[in-house]
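Below is one structure, written out as structure tokens; comments come after it.
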Amino acid sequence: MAEYEKAGVTMVDEKTYYYQGQLVNIFLDIRKEGSFYTLNMNPKGTVNIKIVRDAKNKITGVSYMTEAEVIELLRDMDDPDDKTGVAIIPVDFKTVAAGETIFLGEYTLSDGDEILYDISAKTGNRMKVFFAKDNQEDVAYWSVNNLRQPGEPLECIADFTVGPPATMPGTYKLYLQAPEGALGTVRGSVSIVSADAF
């Protein structure tokens, strides 16, 4: 990891990277031959970076990923033919009516899978994201129910790991809810990372 540190990237643990003092959201390092790469996603991060290497695979610097690069990366990860074991569920709603619950799909979760929430709402006071069993919407799993604090954005940012004793593997439905007043410009994603993705 000393190689990364020389380029200005500090690795706290395998999930936490900092670049120039900023917590990294997407960290991407692809070797030239393409046979090995490092990808890390931290929903609490604010910057997306990629490692720049020369023809001999030596690190020459770090660059910020463009919005187009991020979209392409997420699209590749969400490709059903891709076996990386990472599913990205995009969230993009202009409005969510007060009291409305939006169904975001059904997913089979296994022990050790990681669930990452990274969703924000420009307007509104409370937002809830959760999974539930079929016909059991009143019992929420991996739930984040956040109330806007004065002067702060309304966000649901969290990560969970599937497994006992709190939760069991199985098929769950994913929901986004506006429990207290309408929400406006709701954007972000939910990521499901398979336990054997990397």
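For the sequence shown, the working numbering assigns the number 198 to the last residue and increments by one with no breaks.
In this text, a Cβ means the ideal position worked out from N, Cα and C, and glycines have one as well.
Alpha carbon to alpha carbon, how far is residue i from residue j?
i: GLY8; j: PHE130; result: 36 Å
i: MET268; j: ASP111; result: Any question about residue 268 goes unanswered here, given that the chain covers just 1 to 198.
i: ARG126; j: VAL91; result: 16 Å
i: GLY18; j: PRO43; result: Checking the sequence, you will find Tyr at residue 18 rather than Gly. The alpha-carbon atoms of TYR18 and PRO43 are separated by roughly 13 Å.
i: GLU114; j: MET11; result: 20 Å
i: LYS83; j: PRO150; result: Residue placement at LYS83 is poorly supported in this model, since its pLDDT is 47, which falls under 50; the coordinates are not used for a value here.
i: PRO179; j: PHE160; result: 22 Å
i: THR38; j: THR16; result: 13 Å
i: MET41; j: TYR141; result: 22 Å
i: GLU69; j: PRO165; result: 39 Å
i: SER35; j: LEU154; result: Caution is warranted here: a pLDDT of 47 is assigned to SER35, below 50, making its placement in the model unreliable, and no coordinate value can be reported.
i: GLN136; j: ARG53; result: 50 Å
Out of the options, state which residue places its alpha-carbon closest to the alpha-carbon of residue i.
i: LYS133; options: PHE103, GLU155 and MET127; result: PHE103
i: ASN145; options: ALA158, LEU23, VAL91 and GLY151; result: ALA158
i: ILE51; options: VAL86, THR185 and MET65; result: MET65
i: ALA2; options: GLY45, ILE59, ASP196 and VAL70; result: ILE59
i: TYR4; options: SER191, GLY45 and VAL62; result: VAL62
i: LYS6; options: THR16, LEU39, VAL186 and GLN20; result: GLN20
i: VAL162; options: PRO153, SER143 and LEU154; result: SER143
Determine whether the beta carbon atoms of residue i and residue j lie at a separation below 7 Å.
i: CYS240; j: TYR117; result: The displayed coordinates of the chain run from 1 to 198. Any statement about residue 240 would go beyond what the structure contains.
i: ILE88; j: GLY188; result: no
i: LYS23; j: GLY45; result: The question names Lys, but residue 23 is Leu in the sequence shown. A contact, by the Cβ cut-off of 7 Å.
i: TYR172; j: LEU109; result: yes
i: ALA97; j: ALA182; result: yes
i: THR95; j: GLY184; result: yes
i: ILE26; j: ASN48; result: yes
i: GLY105; j: SER194; result: no
i: VAL186; j: PHE93; result: yes
Would residue i be called buried (16 or more neighbouring beta carbons within 10 Å of its own) or exposed?
i: GLN177; result: buried
i: ALA139; result: A small correction: the amino acid at residue 139 is Val; Ala does not occupy that position in the sequence shown. Exposed, by the Cβ-count rule.
i: GLY124; result: buried
i: ILE192; result: buried
i: LEU147; result: exposed
i: ILE71; result: exposed
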